[in-house]
Amino acid sequence: KKGGYDHFMIKEIFEQPKAIKDTLMSRIDDSGKINLDNIDIKSEDIKNIEKIYIVACGTAYHAGLVGKALIEKYARIPVLTDIASEFRYNNPFIDEKTLMIVVSQSGETADTLAALRLAKEKKAKVLAVCNVVGSSISREADYVFYTWAGPEIAVASTKAYTTQVVSLALIALYMADMKGTIDEFEYKKVLEEVKVLPEKIEKILESQSNIKSAASYISKSSDIFYIGRGFDYYLAMEGSLKLKEVSYIHSEAMAAGELKHGTLALIEENTPVLALATQDFLYDKMISNIKEVKARGAYTIALAKEGNTEIKGVADFIIYIPSAIDELTAPLAVIPLQLLAYYVATERGCDVDKPRNLAKSVTVE
Ligand code: M6R
244 KKGGYDHFMI
254 KEIFEQPKAI
264 KDTLMSRIDD
274 SGKINLDNID
284 IKSEDIKNIE
294 KIYIVACGTA
304 YHAGLVGKAL
314 IEKYARIPVL
324 TDIASEFRYN
334 NPFIDEKTLM
344 IVVSQSGETA
354 DTLAALRLAK
364 EKKAKVLAVC
374 NVVGSSISRE
384 ADYVFYTWAG
394 PEIAVASTKA
404 YTTQVVSLAL
414 IALYMADMKG
424 TIDEFEYKKV
434 LEEVKVLPEK
444 IEKILESQSN
454 IKSAASYISK
464 SSDIFYIGRG
474 FDYYLAMEGS
484 LKLKEVSYIH
494 SEAMAAGELK
504 HGTLALIEEN
514 TPVLALATQD
524 FLYDKMISNI
534 KEVKARGAYT
544 IALAKEGNTE
554 IKGVADFIIY
564 IPSAIDELTA
574 PLAVIPLQLL
584 AYYVATERGC
594 DVDKPRNLAK
604 SVTVE
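Quick note, the sequence shown lines up with residues 244 to 608 if you use UniProt numbering.
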């Protein structure tokens with residue numbers, strides 16, 4: 244059942260190139276354009292959208308945050324995001340000109356389903372990004388964009404996240420094209436970058452051995468901090484959640500610029516800090532943040548794009564990912580973070596596929 248792997252989690256991590264290929268396959272036509280005909284969102288409907296809400300839980304919410312940044316960047320539509328269990332009690336601004344996007348692997352998460360129902364009551368149209376055909380969320384949404392990740396068995400979500408991010412990237416580009424907020428050159432360029440993600444992920448998966456030594460360091464720690472800016476902040480949240488849920492190590496994700504507003508007080512000698520530095524235009528700022536925590540004794544593990552040599556003299560340990568545009572580093576950089584969580588958890592002897600206290604599908608509110 245585990246196809247020669249020790250656990251479902253690692254099997255599913257390695258399935259990501261295929262899961263992304265499958266998700267992309269029927270969505271890009273011969274002319275190199277995104278085709279969402281079978282989802283049946285009309286160009287008129289997209290032009291009428293005044294704002295979007297993206298609502299989800301856990302990892303799906305983290306994918307939603309990346310989606311927000313992509314939609315705002317390319318389609319220039321304001322996007323609000325909320326955690327489903329909060330959304331309902333926040334008196335959200337929803338009307339018939341709001342598009343609600345719910346993101347859910349299982350399609351059965353109770354809070355997400357309740358959020359969907361609330362949005363529909365208030366006359367918004369709902370687009371679900373969902374992995375399970377026939378699930379409650381896919382049945383009740385107006386439009387469904389399926390992630391073709393295949394069954395995800397491990398409680399820790401991996402291939403669902405990357406396929407959700409890729410789906411949201413396609414949705415962002417599609418909306419941008421409909422609204423005329425992207426020129427043809429950029430549209431093609433970004434779409435090409437999306438198409439090569441599976442190959443780049445293969446490469447990361449082939450060169451994962453050095454991650455084990457970082458995992459071995461972290462497995463002996465009681466706390467870890469993930470820091471980043473922009474897309475890397477959203478990624479920090481996902482990396483941190485992954486590690487804590489499978490390894491039981493206390494982990495926090497911080498916007499790197501927020502450190503000195505409180506959390507920096509927790510950095511001591513040898514505290515591991517995972518610094519995500521994949522954003523070119525924020526690179527210098529991240530280098531300063533790495534120096535800031537190092538000066539307080541932190542053991543710094545940096546994640547950067549290949550070719551970034553400056554970071555070598557700054558961080559204690561470096562994980563490289565293949566180069567990519569800033570907007571699409573999340574589905575690449577998350578791979579080493581998933582592997583790290585997996586190796587830390589196995590080193591600590593945790594029940595990786597079924598962490599204590601957690602369920603795969605959270606059907607209670
Ligand atoms: O099935 P869903 O995508 O709606 O589930 C949402 C969360 O429960 C899920 O992503 C959870 O956070 C994972 N265990 C994280 O790895």
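In this text, a Cβ means the ideal position worked out from N, Cα and C, and glycines have one as well.
Rounded to whole angstroms, what is the Cα-Cα separation between residue i and residue j?
{"i": "residue 445", "j": "residue 254", "result": "13 Å"}
{"i": "residue 351", "j": "residue 553", "result": "46 Å"}
{"i": "residue 600", "j": "residue 272", "result": "44 Å"}
{"i": "residue 531", "j": "residue 493", "result": "25 Å"}
{"i": "residue 356", "j": "residue 558", "result": "43 Å"}
{"i": "residue 529", "j": "residue 364", "result": "44 Å"}
{"i": "residue 308", "j": "residue 296", "result": "11 Å"}
{"i": "residue 322", "j": "residue 603", "result": "28 Å"}
{"i": "residue 577", "j": "residue 495", "result": "16 Å"}
{"i": "residue 490", "j": "residue 468", "result": "14 Å"}
{"i": "residue 275", "j": "residue 245", "result": "36 Å"}
{"i": "residue 261", "j": "residue 400", "result": "16 Å"}
{"i": "residue 368", "j": "residue 383", "result": "11 Å"}
{"i": "residue 250", "j": "residue 394", "result": "14 Å"}
{"i": "residue 535", "j": "residue 284", "result": "48 Å"}
{"i": "residue 461", "j": "residue 527", "result": "26 Å"}
{"i": "residue 425", "j": "residue 431", "result": "10 Å"}
{"i": "residue 589", "j": "residue 450", "result": "19 Å"}
Since residue i and residue j are thought to touch, with beta carbons under 8 Å apart, how far apart are those beta carbons, to the nearest angstrom?
{"i": "residue 571", "j": "residue 436", "result": "5 Å"}
{"i": "residue 311", "j": "residue 302", "result": "About 15 Å separates the two Cβ atoms, so there is no contact after all."}
{"i": "residue 486", "j": "residue 587", "result": "6 Å"}
{"i": "residue 568", "j": "residue 439", "result": "Their Cβ separation, rounded to whole angstroms, is 11 Å, which puts residue 568 and residue 439 out of contact at 8 Å."}
{"i": "residue 575", "j": "residue 470", "result": "About 18 Å; that fails the 8 Å criterion."}
{"i": "residue 277", "j": "residue 413", "result": "5 Å"}
In terms of alpha-carbon separation, which member of the options lies closest to residue i?
{"i": "residue 453", "options": "580, 251, 592 and 312", "result": "580"}
{"i": "residue 239", "options": "555, 544, 402 and 432", "result": "Look at the range of the chain in this structure, 244 to 608, and you will see that residue 239 is not part of it."}
{"i": "residue 390", "options": "565, 376, 384 and 335", "result": "376"}
{"i": "residue 591", "options": "550, 549, 459 and 394", "result": "459"}
{"i": "residue 598", "options": "418, 397, 477 and 499", "result": "397"}
{"i": "residue 314", "options": "483, 408, 537 and 385", "result": "408"}
{"i": "residue 540", "options": "575, 514, 527 and 496", "result": "514"}
{"i": "residue 538", "options": "384, 503, 248 and 567", "result": "503"}
{"i": "residue 329", "options": "300, 305 and 347", "result": "300"}
{"i": "residue 511", "options": "480, 472 and 466", "result": "466"}
{"i": "residue 573", "options": "422, 548 and 593", "result": "548"}
{"i": "residue 345", "options": "475, 508 and 380", "result": "380"}
{"i": "residue 361", "options": "331, 524, 382 and 277", "result": "331"}
{"i": "residue 404", "options": "562, 266, 605 and 565", "result": "266"}
{"i": "residue 563", "options": "595, 585 and 522", "result": "522"}
{"i": "residue 348", "options": "509, 415, 372 and 367", "result": "372"}
{"i": "residue 268", "options": "386, 392, 317 and 497", "result": "392"}
{"i": "residue 258", "options": "582, 342, 605 and 589", "result": "582"}
{"i": "residue 584", "options": "319, 464 and 316", "result": "464"}
{"i": "residue 366", "options": "387, 374, 342 and 388", "result": "342"}
Please name the residue or residues paired with residue i in a DSSP beta bridge.
{"i": "residue 343", "result": "296 and 369"}
{"i": "residue 515", "result": "542"}
{"i": "residue 448", "result": "The partner list for residue 448 (beta bridge, DSSP) is empty, contrary to what the question assumes."}
{"i": "residue 325", "result": "298"}
{"i": "residue 563", "result": "547"}
{"i": "residue 262", "result": "Its beta-bridge partners do not exist; DSSP assigns none."}
{"i": "residue 454", "result": "Answer is none; residue 454 lacks a bridge partner."}
{"i": "residue 520", "result": "547"}
{"i": "residue 271", "result": "277"}
How far does the beta strand (DSSP E) with residue i in it reach, from first residue to last?
{"i": "residue 542", "result": "542-548"}
{"i": "residue 494", "result": "493-498"}
{"i": "residue 612", "result": "Not covered by the structure: residue 612. The range shown for the chain is 244 to 608."}
{"i": "residue 642", "result": "Look at the range of the chain in this structure, 244 to 608, and you will see that residue 642 is not part of it."}
Looking at the secondary structure, which residues open and close the alpha helix (DSSP H) in which residue i lies?
{"i": "residue 408", "result": "402-422"}
{"i": "residue 579", "result": "573-590"}
{"i": "residue 486", "result": "474-490"}
{"i": "residue 607", "result": "Neither: residue 607 is in no alpha helix (DSSP H) and is coded neither H nor E."}
{"i": "residue 336", "result": "Neither: residue 336 is in no alpha helix (DSSP H) and is coded neither H nor E."}
{"i": "residue 426", "result": "Here residue 426 belongs to no alpha helix (DSSP H), and DSSP marks it neither H nor E."}
{"i": "residue 360", "result": "353-364"}
{"i": "residue 382", "result": "379-383"}
{"i": "residue 374", "result": "Residue 374 -> no alpha helix (DSSP H), and no H or E assigned at all."}
{"i": "residue 287", "result": "286-290"}
{"i": "residue 532", "result": "526-537"}
{"i": "residue 255", "result": "251-257"}
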